[in-house]
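For the sequence shown, counting from 1, position 83 maps to 1025 in the working numbering; every step adds exactly one. Scroll down for the structure; my scribbles are underneath it.
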Amino acid sequence: TIPSELGTITGLTEISLGGNQLTSTIPTEFGSLTHLRDMRLYTNQLTGTIPSELGALTDLTMLYVGNGSNHQLFVHTACSRVMKFLITFFTVIFTSSLLSS
């Protein structure tokens, strides 16, 4: 499980929890990590959707999530408006792939 308490560490700039077989959702509290630049949650057994709150993270330039199959999502952008669009777009794809597997 990804601890939602990580969302209270507002000075955090990077989260790297890849390859830990985590089985939770991405906490909405991560939307409070205003200095976060890099989030790596790949090769886990994540469920749910990518929280829309992540769209508010203007410093976030790398988002890498996946459930350990071919349904990996890698986003690298410097524009928060593009990030918001990609989070919305890939949430649909990510959710669809979870439903079909």
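Each residue gets a CB set at the ideal place from its N, CA and C atoms; glycine is no exception.
Check: For G997, which option in T985, T970, Y984 and L948 has the closest C-alpha, if you only look at C-alpha atoms?; Outcome: T970
Check: With burial defined as no fewer than 16 other Cβ atoms inside 10 Å of the residue's Cβ, what is the status of N962: buried or exposed?; Outcome: exposed
Check: Can you tell me whether G949 is buried or exposed, with buried defined as 16 or more other CB within 10 angstroms of its CB?; Outcome: buried
Check: Please work out which residues of its chain come closer than 8 Å, Cβ to Cβ, to L978, disregarding the five sequence neighbours upstream and downstream, and give them in chain order.; Outcome: L954, T955, E956, I957, F972, L999, D1001 and L1002
Check: For L964 and T943, which I take to be in contact (beta-carbon distance under 8 Å), what is that distance rounded to the nearest angstrom?; Outcome: 7 Å
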